Amino acid sequence: MKKRDLSVIVAGVKFPNPVIAASGTYGFGENYATLYPMNILGGVSCKGLTLEKRDGNIPPRIAETPSGMLNSVGLQNPGIDFFIENHLPYMKEHGNVIIANIAGNTIEDYVEIAQKLDSTNVDMLEVNISCPNVKEGGMAWGVTANGAALVTKSVRAVTNKPIMIKLTPNVADVTEIAKAVEAEGADCVSLINTLLGMRIDIKTRRPILRNNVGGLSGAAVFPVAVRMVWQVANAVKIDVVGMGGISTAEDAVEMMLAGAKAVQIGTVIISDPYSPLKIIGGIEHYMNMNDVKNLTEVIGKVEKW
301 MKKRDLSVIV
311 AGVKFPNPVI
321 AASGTYGFGE
331 NYATLYPMNI
341 LGGVSCKGLT
351 LEKRDGNIPP
361 RIAETPSGML
371 NSVGLQNPGI
381 DFFIENHLPY
391 MKEHGNVIIA
401 NIAGNTIEDY
411 VEIAQKLDST
421 NVDMLEVNIS
431 CPNVKEGGMA
441 WGVTANGAAL
451 VTKSVRAVTN
461 KPIMIKLTPN
471 VADVTEIAKA
481 VEAEGADCVS
491 LINTLLGMRI
501 DIKTRRPILR
511 NNVGGLSGAA
521 VFPVAVRMVW
531 QVANAVKIDV
541 VGMGGISTAE
551 DAVEMMLAGA
561 KAVQIGTVII
571 SDPYSPLKII
581 GGIEHYMNMN
591 DVKNLTEVIG
601 KVEKW
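Numbering follows the numbering used here, in which position 16 of the sequence shown is assigned residue number 316; successive positions increment by one, without gaps.
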């Protein structure tokens, strides 16, 4: 079979292939070093980073669900300074495109983290706006257009790095949020973050998660993710990165047909750490079988009835 060009350009950044390890399940990559080189991936979005170290939520904080999982890990991470000093050098040495996923409970948090990263060699910032706005009653920044826009505008003002805003699906109209962040300078958007879910132990009559609710991810959310990616790709001019339940190369191609320039995979890595390699190989196989020379022939090419 012919060698195909799997490269894509997202927000001006060239990825050697469209498969990105999503924030969370891949950590900072070191744990997978004995399995395969990190640079096989198109990119890595690192574990979500906050200003200070976080130990995360009290267990139990993971629950299995049909075709997926719930998590309320609580952004456990070593803090931005530790990441810059200890993890980032390894990731840049061994990986391709490195995306720093950042989170905050206040605008000041986001701004300070972005300022710290602006002088580093990360390739892109992914801004998680599913965090609670502690100054406005705890509602997540990303569930209102005004909140999402404010975070985007504030981060845009302090960094020259490309900015990817990670959108929550827990909204009435995701296109409204996407348009709001586009207007305030976002270079691209990624979606979907996890759907809010809950499981209850019928023996104890208590929620399985200590935090009561958590984020639903995995194959169960894939059709929702495809729908939202398609809607957003048709509503904004900036690039879209698709995620949410992608488990196979066929899923990845479907997400790109909906309008995603690249894809992020997360939950499937837990059950199959080699899944990124299989998906990359499967995309190239699809291209060969369908005489696709470049992924621009696929991205956003879903045909309307």
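Cβ atoms here follow ideal geometry from the backbone N, Cα and C, with glycine treated the same way.
For clarity, every value in this text was computed on a predicted model and none was experimentally measured.
Per DSSP, the bridge partner or partners of Ser490: Here the question's residue 490 lines up with position 190 in the sequence shown. For Ser490, which the question treats as bridged, DSSP gives the partners Lys466 and Val541.
**Asked** Are there three or more Cβ pairs, one per stretch, closer than 8 Å when the segment 510-518 is compared with the segment 477-489?
**Response** no
* Would you grab the beta carbon distance between Val524 and Gly544 for me? Rounded to a whole angstrom, and I think it's under 8 Å. => One-based indexing of the sequence shown puts residue 524 at position 224. One-based indexing of the sequence shown puts residue 544 at position 244. 7 Å between Cβ atoms; contact.
If you draw a straight line from the alpha carbon of Lys537 to that of Arg506, how long is it in whole angstroms?
Taking the sequence shown and counting its residues from 1, the one referred to as residue 537 is at position 237. Taking the sequence shown and counting its residues from 1, the one referred to as residue 506 is at position 206. Whole-angstrom Cα-Cα distance: 45 Å.
Classify Trp605: buried if its beta carbon has 16 or more other beta carbons within 10 angstroms, exposed otherwise. Taking the sequence shown and counting its residues from 1, one reaches residue 605 at position 305. With a threshold of 16 other beta carbon atoms within 10 Å, Trp605 falls short and is exposed.
Use the C-beta contact count for Thr350: other C-beta atoms within 10 angstroms, 16 or more gives buried, fewer gives exposed.
Position 50 of the sequence shown, counting from 1, holds the residue named residue 350. Buried is the call here.
- prompt: For the beta strand (DSSP E) that contains Phe383, what are its first and last residues?
  reply: Reading the sequence shown from its first residue, position 83 is the one you call residue 383. Neither: Phe383 is in no beta strand (DSSP E) and is coded neither H nor E.
_Where the beta strand (DSSP E) through Glu352 begins and ends_ = Reading the sequence shown from its first residue, position 52 is the one you call residue 352. Segment: none, Glu352 is in no beta strand (DSSP E) and carries neither H nor E.
Q) Enumerated in chain order, which unbroken segments of the beta strand (DSSP E) with a length of 3 residues or greater are wholly contained in the segment 363-431? A) Listed in chain order, the complete beta strand (DSSP E) runs (minimum 3 residues) inside the segment 363-431 are 368-371, 397-402 and 424-428.
- Under 8 Å, do Lys561 and Val529 count as touching if we go by C-beta distance? As a working note, residue 561 is residue 261 in the sequence shown. As a working note, residue 529 is residue 229 in the sequence shown. Contact: no.
**Prompt:** Helix or strand or just coil, what does DSSP make of Phe522?
**Reply:** Taking the first residue of the sequence shown as 1, we reach residue 522 at position 222. Helix.
Review point. What is the rounded straight-line gap between the Cα of Ile384 and the Cα of Ile546?
Key: As a first step, residue 384 must be located in the sequence shown, where it is residue number 84. As a first step, residue 546 must be located in the sequence shown, where it is residue number 246. Cα to Cα, the separation comes out at about 29 Å.
Since I believe Leu491 is in contact with Leu509 (beta carbons under 8 Å), could you give me their beta-carbon distance rounded to a whole number of angstroms?
-> Position 209 of the sequence shown, counting from 1, holds the residue named residue 509. Position 191 of the sequence shown, counting from 1, holds the residue named residue 491. The pair is not a contact, with the Cβ atoms about 23 Å apart (cut-off 8 Å).
Fill in: Contact belief for Cys254 with Met464 at Cβ below 8 Å, rounded distance in angstroms
Only positions 301 to 605 of the chain appear in this structure, which leaves residue 254 out of reach.
- Item | CB contact flag (Val397, Asp423, <8 Å) | Position 97 of the sequence shown, counted from the first residue, corresponds to residue 397. Position 123 of the sequence shown, counted from the first residue, corresponds to residue 423. Cβ distance < 8 Å, so Val397 and Asp423 count as in contact.
Quick check: the segment 408-428 against the segment 336-354, are there 3 or more CB pairs under 8 Å?
yes
Assigned secondary structure, Val308 (DSSP; H/G/I helix, E/B strand, else coil)
Taking the sequence shown and counting its residues from 1, the one referred to as residue 308 is at position 8. Correct three-state label for Val308: strand.
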